[in-house]
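Which chain is which? The protein sequence lines are A and B, in order.
Here this note's numbering is used: position 93 in the first sequence is 93, and no number is missing along the way.
Here this note's numbering is used: position 23 in the second sequence is 23, and no number is missing along the way.
We put the beta carbon where it would ideally sit given N, CA and C, even for glycine.
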Amino acid sequence: MSVLIVGASAGGLATLEALRRKGYQGDVTVLGEEVHEPYDRPPLSKQVLAGDWEPGRARLRPAAALSSLDAEFVLGDRAVGLDVPARTVHTASGRALRADAVVVATGVRPRVLAGQAGLAGVHVLRTLDEAAALREDLLGSPRVVVVGDGVLGAEIAATARGMGLDVTLAGPQRAPMESQVGPLVAGLLAELHAERGVRLRLGFGVRELTATAGKVTGVRLDTGEVLPADVVVVAIGAEPVTDWLDGSGLRLENGLVCDSRCRAAAGIYAVGDVARWHHEQLDTLLRLENRTNATEQAGVVADAILGEDRAYTPVPYFWTDQFDAKLQVHGVLPAGAEVTIVDGDPAVRRFVAQYRIDGRVTGVLGWNMAKQARIRRQDVAA
Amino acid sequence: MKIIVDEAKCCGAGTCVLVAPEVFDQRDEDGIVVLLAAEPAEPHHVAVREAAGVCPAAAITLNS
Numbered sequence: 001m002s003v004l005i006v007g008a009s010a011g012g013l014a015t016l017e018a019l020r021r022k023g024y025q026g027d028v029t030v031l032g033e034e035v036h037e038p039y040d041r042p043p044l045s046k047q048v049l050a051g052d053w054e055p056g057r058a059r060l061r062p063a064a065a066l067s068s069l070d071a072e073f074v075l076g077d078r079a080v081g082l083d084v085p086a087r088t089v090h091t092a093s094g095r096a097l098r099a100d101a102v103v104v105a106t107g108v109r110p111r112v113l114a115g116q117a118g119l120a121g122v123h124v125l126r127t128l129d130e131a132a133a134l135r136e137d138l139l140g141s142p143r144v145v146v147v148g149d150g151v152l153g154a155e156i157a158a159t160a161r162g163m164g165l166d167v168t169l170a171g172p173q174r175a176p177m178e179s180q181v182g183p184l185v186a187g188l189l190a191e192l193h194a195e196r197g198v199r200l201r202l203g204f205g206v207r208e209l210t211a212t213a214g215k216v217t218g219v220r221l222d223t224g225e226v227l228p229a230d231v232v233v234v235a236i237g238a239e240p241v242t243d244w245l246d247g248s249g250l251r252l253e254n255g256l257v258c259d260s261r262c263r264a265a266a267g268i269y270a271v272g273d274v275a276r277w278h279h280e281q282l283d284t285l286l287r288l289e290n291r292t293n294a295t296e297q298a299g300v301v302a303d304a305i306l307g308e309d310r311a312y313t314p315v316p317y318f319w320t321d322q323f324d325a326k327l328q329v330h331g332v333l334p335a336g337a338e339v340t341i342v343d344g345d346p347a348v349r350r351f352v353a354q355y356r357i358d359g360r361v362t363g364v365l366g367w368n369m370a371k372q373a374r375i376r377r378q379d380v381a382a
Numbered sequence: 001m002k003i004i005v006d007e008a009k010c011c012g013a014g015t016c017v018l019v020a021p022e023v024f025d026q027r028d029e030d031g032i033v034v035l036l037a038a039e040p041a042e043p044h045h046v047a048v049r050e051a052a053g054v055c056p057a058a059a060i061t062l063n064s
C-alpha cells in the first residue's frame, strides 16, 4: 500500500502525521507546489507580517520531526492532472506519481480584482512569499487600503495599523466580519478598529483599482469615491484549487465533492480547504476554510485510507487576533441568530456570547475569554 | 515522553484540552495552554500525540 498526498500545507502534513500515528508504515509521498517545507498560514497575516516572528518560525514542524515521518517530500512541483482509475498524478515538471490512495489537499487561492494582475503595489496574502512581499512594501511607510472586510482583511488592517501605517479598510459589509460573527460583535470590532486609528470605509462595493504607469494609486468605490493608496491588499475570499482536476471525472463544485468519509472516488480523498464533503448531521455539502478543519479532517481521511472509515461531523472552530482582541468561535453563528452574553461583559471587552436559532445553541464566541468559550463549546448542539 | 509548549504560538483553541484533559489545561485569564504534566505517564501518550497533531497553532512539540 502507498499514499500520495497532493499538497504540503496543514491538511497534507496532518494527513501524513495521522497515518503514522495510527500505525501505517507504508510509503507516503507529499507533493507541494511551493518550495518551502510545510509552514503555517495563520501567522502570516499577524506575527510574520508584523515582523514579530522571522518567517522560519511559521514552520509547522522542526526538521527532525519532519524527517521522522519517513515520507518523501517532492517540493516546488505542481500537480497538473489526475488519472483517477490509475491513481496517478502528473506534475508540471513531468513526474508521474502513482499510489494506492491519493489525498487531494491543494487548498484555495485568493480571489483577485479585475485589472489586478501585474499592477505594482497590489497584494494578496496566502503564501509565505506573498507575506514577505507585502511586508517589504509595508516597510516603505505607504498609505494602505485593505479591500475585504472578512477575517483576513480585518487582521491585515490591524497588523498594518499596528506597524504605524495609515490604513483604510474597505468592504461591502456594515462592519468587519459581520457575516461571520453577526452585527453585535462586528460592531464591537468596528469600534476597536476605529479607536486604534483604522479608517473604516465600509458598506460600499469596490468598483476598481486606479493606477498610473503600472502602479496602483487607489481604490475606487461604487460611490465614485477614490481611496488613495500606495499599497492595496486584496482579501476578498478564495476559491478551491481544483483546476488541475478538470477533466478527471471527479465532481468539482465549489471544491472537490466527497461523501461523508471525505472520499471523492475509490482511492481518492480530499482534506482541508479544498474538500466539500457531505456532513451527515447537517445533511448538506460543506466546505470549511479554517485551520482546525485541516487537521481534524486529516484524521478522518487517514482512518478511511486505513479501512476504518467514519463520518466527518466536526464542530467548526476558528479564531482571529486583531489588536488586543482574541476571538474564538466554536460552532456556527448564523445570520439572524439570537445572541446572549453568557459570561463577562462586552463593555470591558471580555465576554462569551451564545448564538441560538429557535432556542437551539448553534455556536459560541469568546472575546478575550478563550478558555470560557471552549468550555461552552459543549453547549453547541451537533 | 517530554512535552514542550510554545506559549507564543498558542492560539487558545483548547483543542489539546478536549483531546487530553489530564495533561493540558488553559489559563483562565487568556486561554493560553497550561501543562499539567510535562512528562506524562504512558497511558496518556496516545492522546498527547493526537493533541500535538491537531493543535491548530503547531504549539506542541514532543521529545520521545
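Put residue i into one of helix, strand or coil per three-state DSSP.
i, result
"V54/B", "helix"
"D83/A", "strand"
"G162/A", "helix"
"P183/A", "helix"
"E178/A", "helix"
"R126/A", "coil"
"R59/A", "strand"
"K46/A", "coil"
"R78/A", "coil"
"G32/A", "strand"
"E39/B", "coil"
"R41/A", "coil"
"A18/A", "helix"
"R233/A", "A small correction: the amino acid at residue 233/A is Val; Arg does not occupy that position in the sequence shown. V233/A falls in the strand class under three-state DSSP."
"R109/A", "strand"
"E72/A", "strand"
"V226/A", "strand"
"V206/A", "strand"
"L221/A", "strand"
"C16/B", "helix"
So who's on the other strand from residue i, going by DSSP bridges?
i, result
"H193/A", "Its beta-bridge partners do not exist; DSSP assigns none."
"A353/A", "I341/A and L365/A"
"D27/A", "S2/A"
"T168/A", "V145/A and R199/A"
"Q26/B", "V33/B"
"K2/B", "N63/B"
"K215/A", "A120/A and T212/A"
"H90/A", "G81/A and A96/A"
"V102/A", "L4/A and I268/A"
"R360/A", "I357/A"
From residue i to residue j, what distance separates their C-alpha atoms?
i, j, result
"K46/A", "Y24/A", "36 Å"
"I268/A", "G11/A", "15 Å"
"S141/A", "V122/A", "15 Å"
"G182/A", "L192/A", "16 Å"
"A211/A", "L49/A", "25 Å"
"A86/A", "L202/A", "50 Å"
"V364/A", "V380/A", "7 Å"
"V315/A", "A298/A", "15 Å"
"I3/B", "I60/B", "7 Å"
"L19/A", "L306/A", "8 Å"
"C55/B", "E296/A", "10 Å"
"A52/B", "V226/A", "48 Å"
"A370/A", "V348/A", "15 Å"
"L134/A", "R61/A", "24 Å"
"A157/A", "H36/A", "26 Å"
"L16/A", "R49/B", "13 Å"
"V74/A", "R276/A", "26 Å"
"G107/A", "P240/A", "6 Å"
"G164/A", "L62/B", "38 Å"
"L152/A", "V271/A", "21 Å"
"L209/A", "H330/A", "36 Å"
"A303/A", "D230/A", "Reading off the sequence shown, one finds Asp at residue 303/A, where the question assumed Ala. D303/A and D230/A: Cα-Cα distance of roughly 49 Å."
"L139/A", "A160/A", "10 Å"
"D30/B", "V146/A", "29 Å"
"E136/A", "L252/A", "37 Å"
"W53/A", "P110/A", "23 Å"
Whole beta strand (DSSP E) elements within the region 235-297 of chain A, 3-residue minimum: As far as the region 235-297 of chain A is concerned, its whole beta strand (DSSP E) runs of at least 3 residues are 238-240, 256-258, 263-265, 268-270, 275-279 and 284-286.
Runs of beta strand (DSSP E) lying entirely within the region 300-332 of chain A, each at least 3 residues, in chain order: Runs found: 317-322 and 325-331.
Chain B contacts made by the region 150-174 of chain A, where a contact means CB separation under 9 Å: Answer in chain order: no residues at all.
Chain B contacts from the region 369-380 of chain A (Cβ-Cβ distance under 7 Å): Cβ contacts with chain B come from A370, K371 and R374.
Interfacial residues, the region 32-54 of chain B to chain A, with Cβ spacing under 7 Å: The residues in question are R49, E50, G53 and V54.
Contact list for the region 283-297 of chain A against chain B, Cβ threshold 7 Å: Answer set for the region 283-297 of chain A: R291, T292, T295 and E296.
Under 9 Å (Cβ pairs) to chain B, residues found in the region 64-88 of chain A: Residues A65.
The region 18-29 of chain B: positions lying closer than 9 Å to chain A by Cβ: Cβ proximity to chain A below 9 Å picks out L18, D25, Q26, R27, D28 and E29 from the region 18-29 of chain B.
Interface residues of the region 315-327 of chain A facing chain B [CB-CB below 8 Å]: Flagged, chain order: Y317, W319, D321 and K326.
Against chain B: residues of the region 10-27 of chain A by CB proximity under 7 Å: Against chain B - using a Cβ distance shorter than 7 Å - the residues of the region 10-27 of chain A are A14, E17, A18 and R21.
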